[in-house]
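Chains as they are written, first to last, in the working numbering: chain A, 3 to 115; chain B, 6 to 116.
Heads up, the beta-carbon is just placed ideally off N, CA and C, and yes, glycines get one too.
Keep in mind the model is a prediction, meaning the values are calculated, not measured.
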Amino acid sequence: GENVEQHPSTLSVQEGDSAVIKCTYSDSASNYFPWYKQELGKRPQLIIDIRSNVGEKKDQRIAVTLNKTAKHFSLHITETQPEDSAVYFCAASLSNSGYALNFGKGTSLLVTP
Amino acid sequence: EPEVTQTPSHQVTQMGQEVILRCVPISNHLYFYWYRQILGQKVEFLVSFYNNEISEKSEIFDDQFSVERPDGSNFTLKIRSTKLEDSAMYFCASYRNEKLFFGSGTQLSVL
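Pasting the structure below:
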């Protein structure tokens, strides 16, 4: 079935550095790609999303890029802060299903002061 | 800002028992979803619900699972005969303005 691969599984950066998380998907019909941040024991929180008709989107320190031809998308966090530490999940919409999402396995980001 | 609410926050049950997890989606949302997350693993799609019927379901959502919206506000997930491997965090979600919002989750522990 459809699959979303996410790398790396863990990422440790110094405060102020940038962090990049990459995902690939297999379903060419996917058209919606959100990113969620999940702190320990809490719900996933939407931080940014992108649709297939856009190549890049930015919101303050967070940006997402999408390459539909290559079927990959990436999350970029600049000027990281300790409070950015969490697990980040990418997701891709299941084809023809609106907002049913197929998630990646997550990236545990640790930002050290 | 309105939130999706779920009850209970924790549910402990014996294997073979039935459980019902409850969700109150954000009012005027029309699409509802159940996801689950086994400890330390990714979030997995279970089922989507629109206009009082299932619109899509995953392979996980077998005959042991059912969903309904009994009173027009609450949205429930029933597991008829729980198994040990059903232990997970179950998230309800609803959709508005082209975005999916998750509830706070119900931690289900099957003993």
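Inset, instruction - May I ask you to verify whether the stretch 18-34 of chain A touches the stretch 47-60 of chain A, counting CB pairs closer than 8 angstroms and requiring at least 3? - result: yes
Legend entry - Contacts of B:Leu105 in chain A (Cβ-Cβ under 8 angstroms): Pro36, Leu48, Tyr101 and Leu103
Legend entry - Close-in-space but distant-in-sequence residues of the same chain around B:Met163 (CB under 6 angstroms, 5 per side omitted): The structure shown has nothing for residue 163 of chain B, since chain B only spans 6 to 116.
Legend entry - For B:Glu49, the three-state DSSP class (helix, strand or coil): strand
Inset, instruction - Count the other C-beta atoms from every protein chain shown that fall within 10 angstroms of the C-beta of B:Pro7, then say buried if there are 16 or more, exposed otherwise. - result: exposed
Legend entry - Spatial distance of B:Phe80 from B:Met20 (CA atoms): Whole-angstrom Cα-Cα distance: 23 angstroms.
Legend entry - Segment limits, beta strand (DSSP E) that includes A:Asp61: Glu58 to Asp61
Inset, instruction - Step through the CB atoms of chain B and report whether any lies within less than 7 angstroms of the CB of A:Arg45. - result: Yes, its Cβ sits closer than 7 angstroms to a Cβ of chain B.
Legend entry - 7 angstroms Cβ cut-off: residues of chain A touching B:Val2: Lying before the first or after the last residue shown, residue 2 of chain B is absent from chain B, which here runs from 6 to 116.
Legend entry - Nearest residue (CA-CA) to A:Thr26, options A:Leu111, A:Val66, A:Ala102 and A:Lys73: A:Lys73
Legend entry - Secondary structure of A:Pro36, DSSP reduced to three states: strand
Legend entry - CB contact check: B:Glu58 to chain A, cutoff 7 angstroms: no
Inset, instruction - In the DSSP assignment, find the unbroken beta strand (DSSP E) run with A:Thr71 in it and report its ends. - result: No beta strand (DSSP E) contains A:Thr71, which DSSP labels as neither H nor E.
Legend entry - Within 7 angstroms, strictly: CB atoms of A:Val15 and A:Val113: yes
Legend entry - Distance between B:Leu82 and B:Phe70 (C-alpha atoms, nearest Å): 7 angstroms
Inset, instruction - Could you check which residue in B:Leu51, B:Asn33 and B:Ser78 has the C-alpha nearest to that of A:Leu96? - result: With respect to the C-alpha of A:Leu96, the residue from B:Leu51, B:Asn33 and B:Ser78 having the closest C-alpha is B:Leu51.
Inset, instruction - Report back the beta-carbon spacing between B:Tyr40 and B:Phe96 to the nearest angstrom; my notes put them in contact at under 8 angstroms. - result: 5 angstroms
Legend entry - 8 angstroms contact criterion, which A:Phe91 and A:Phe105 should meet: CB distance rounded: 5 angstroms
Legend entry - 7 angstroms Cβ cutoff, A:Gly18 in contact with chain B: So no, A:Gly18 is outside the interface.
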